[in-house]
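Numbering (full-length UniProt numbering), first residue to last: 1 to 246.
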């Protein structure tokens, strides 16, 4: 299994992001690591001045400047490349291991696969990410998972299987199929769960399941956006910034 990683890590203490956060980004089906870079930098207030460091106003990485491939087998992963995008935002954004050969983009697990296949894929990726984080370089950070759609479900499974690793998990319109019979995770992790009222990509029953499981943890804030489809909106960005106290 190979995970592409793009990232920015401040090597000096005292110059890291507000609240000493390290974002760990997981994109949606058919996208790549740049999707979460844009969202993370929007939440953290990256502005046009960063274009001089290889980004545009949305925080999208300039091509070929800062992407490395991290190879993993089982529970191993290599150290990511450190890219000088901004000294304010510390993040690692991951690219899914499966590429769509004709129409582009990547995915974490096949669309329409079984619950057991989906969980198995999430376990393999989660174990690799947790092993990567188990180094002194990452010990000083508060770790925040953030994922959209498939990446949101992956983030949820990572908390469920590693309940003591992550400080927060932001689940943006997560897929949640097959979780109705599972127990809510026993974890200290704070959750932010976001859906749009016009999201017809994620079935209503799965959205309701996600709300039930996460609110049962006693540590979840649910955000709902009238008229938003399977997407991310400006108000969502503002709400998450406030939720993180940035």
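For glycine and all other residues, C-beta sits at the position ideal for the given N, C-alpha and C. Computed from a predicted model, the values in this text were never measured in an experiment.
{"Item": "DSSP three-state label for residue 2, please.", "Value": "strand"}
{"Item": "Do the segment 99 to 116 and the segment 199 to 214 touch if we need at least three Cβ pairs shorter than 8 Å?", "Value": "no"}
{"Item": "Evaluate residue 208 with the Cβ neighbour count: other Cβ atoms within 10 Å of its Cβ, from every protein chain shown; 16 or more gives buried, anything less gives exposed.", "Value": "exposed"}
{"Item": "So residue 44 is in the alpha helix (DSSP H); what residue range does that whole segment cover?", "Value": "Premise fails: residue 44 is in no alpha helix (DSSP H) and is neither H nor E."}
{"Item": "Could you tell me which whole alpha helix (DSSP H) segments of length 4 or greater appear in the segment 127 to 169?", "Value": "150 to 161"}
{"Item": "Please report the distance separating the alpha-carbon of residue 210 from that of residue 217.", "Value": "11 Å"}
{"Item": "Rounded to the nearest angstrom, what separates residue 125 and residue 241 at their Cα positions?", "Value": "27 Å"}
{"Item": "Just how far apart, CA to CA, sit residue 135 and residue 213?", "Value": "31 Å"}
{"Item": "State the DSSP-derived secondary structure class of residue 212, mapped to helix, strand or coil.", "Value": "helix"}
{"Item": "At the level of alpha carbons, what is the spacing between residue 230 and residue 169?", "Value": "19 Å"}
{"Item": "If the criterion is Cβ atoms closer than 8 Å, does the pair residue 97 and residue 3 meet it?", "Value": "yes"}
{"Item": "Quick one: give me the first and last residue of the alpha helix (DSSP H) that residue 242 is part of.", "Value": "234 to 243"}
{"Item": "Please name the residue in 153, 180, 167 and 204 whose C-alpha comes closest to that of residue 243.", "Value": "167"}
{"Item": "In whole angstroms, give me the CA-to-CA distance for residue 148 and residue 113.", "Value": "18 Å"}
{"Item": "Out of 191, 206 and 171, which has the shortest C-alpha to C-alpha gap to residue 182?", "Value": "206"}
{"Item": "Give me the residue from 21, 26 and 20 with the minimum Cα distance to residue 5.", "Value": "26"}
{"Item": "Helix, strand or coil for residue 182 per DSSP?", "Value": "coil"}
{"Item": "With a Cβ-Cβ cutoff of 8 Å, do residue 95 and residue 10 count as a contact?", "Value": "no"}
{"Item": "Quick check on residue 221: does DSSP put it in helix, strand or coil?", "Value": "strand"}
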